[in-house]
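In our numbering, each residue's number is its place in the sequence shown (first place is 1) plus 628.
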Amino acid sequence: MRVEIEQVVQLIQRKDSKSLEEALALLQNTVFSFSMKVCGQRQDAEDTMQEVLLKSITNLQKFDNPKALLVWLYKVAKTRCLMSRRKSKFAPREALSIEELMPDRRELETLSGNSHGTPETSLMHRESAKRLREAIQKLPPDYRLVLVLHDMEELSDSEISEITGLRAGTIRVRLHRARLFVRKELARHAVD
């Protein structure tokens with residue numbers, strides 16, 4: 629569990645305006661970070677953060693459990709991100725097929741290659757991280773959401789199920805397909 633969410637719950641229980649301000653400041657970073665990963669665009673993430681914080685002002689008093697608060701925040705942020713994404717003309721309209729996602733032999737060889745310690749290692753790591761972020765942003769929102777919640781936010785399948793309303797099997801399939809897609813995107817750029 630994120631430490632800042634536990635701190636927010638403690639601050640909320642004080643029931644004074646200064647504590648509420650501190651709680652909202654802590655939530656701001658958590659919600660923005662999550663929204664940036666899911667929405668992919670800074671403006672959408674900022675809008676999502678503001679909307680979630682506005683909604684949370686009246687609802688924060690109801691939470692005495694950090695896990696319940698975190699799940700609720702992620703649900704609201706997820707819904708807002710997906711709604712803003714659906715309005716975008718750039719939103720992907722197609723589902724991922726497993727056949728398209730499977731890397732071919734050359735891509736697998738590229739992926740399994742290991743790098744040697746050179747002076748360029750840190751530069752290569754930064755470039756790899758950038759390509760990884762770009763590949764994740766190319767995922768359709770439903771797949772990106774599951775990948776972000778599981779691999780980046782380190783939530784369990786049951787917590788992801790609470791947030792998304794998906795069954796565990798669906799979560800595992802989407803996570804697997806999302807990872808395959810990202811792997812294929814990274815391999816494609818490694819070959820270029």
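Cβ atoms here follow ideal geometry from the backbone N, Cα and C, with glycine treated the same way.
Proximity of residue i and residue j at Cβ, strictly below 9 Å
i, j, result
"L808", "A763", "no"
"L654", "E632", "yes"
"P694", "R795", "no"
"L773", "L710", "yes"
"V776", "F662", "yes"
Reference residue i, options the options, closest by Cα
i, options, result
"Q671", "W700, Y702, R708 and Y771", "R708"
"W700", "E649, M711 and K683", "K683"
"E634", "P768, L698, P769 and R754", "L698"
"R759", "R642, H817, T658 and S647", "H817"
"K665", "K706, D785 and L803", "K706"
"A806", "E787, V819, D770 and E790", "D770"
"R571", "H753, R761, E649 and P768", "Past the edges of the chain, shown from 629 to 820, lies residue 571, and the structure says nothing about it."
Sequence-distant residues of its chain with Cβ nearer than 7 Å to residue i (five each side left out)
i, result
"K766", "E813"
"V636", "A651, L654, L655 and L697"
Bounding residues of the alpha helix (DSSP H) (the contiguous stretch that carries residue i)
i, result
"L808", "A796 to V819"
"K646", "S645 to C667"
"M677", "R670 to N687"
"L781", "In the sequence as displayed, the identity of residue 781 is Glu instead of Leu. Premise fails: E781 is in no alpha helix (DSSP H) and is neither H nor E."
Contacting residues, own chain, Cβ-Cβ under 6 Å from residue i (five flanking each side not counted)
i, result
"I640", "A651 and L688"
Chain-order list of residues whose beta-carbon lies under 8 Å from that of residue i (same chain, five-residue window excluded)
i, result
"D675", "R708 and S712"
"L648", "L639, I640, I685 and L688"
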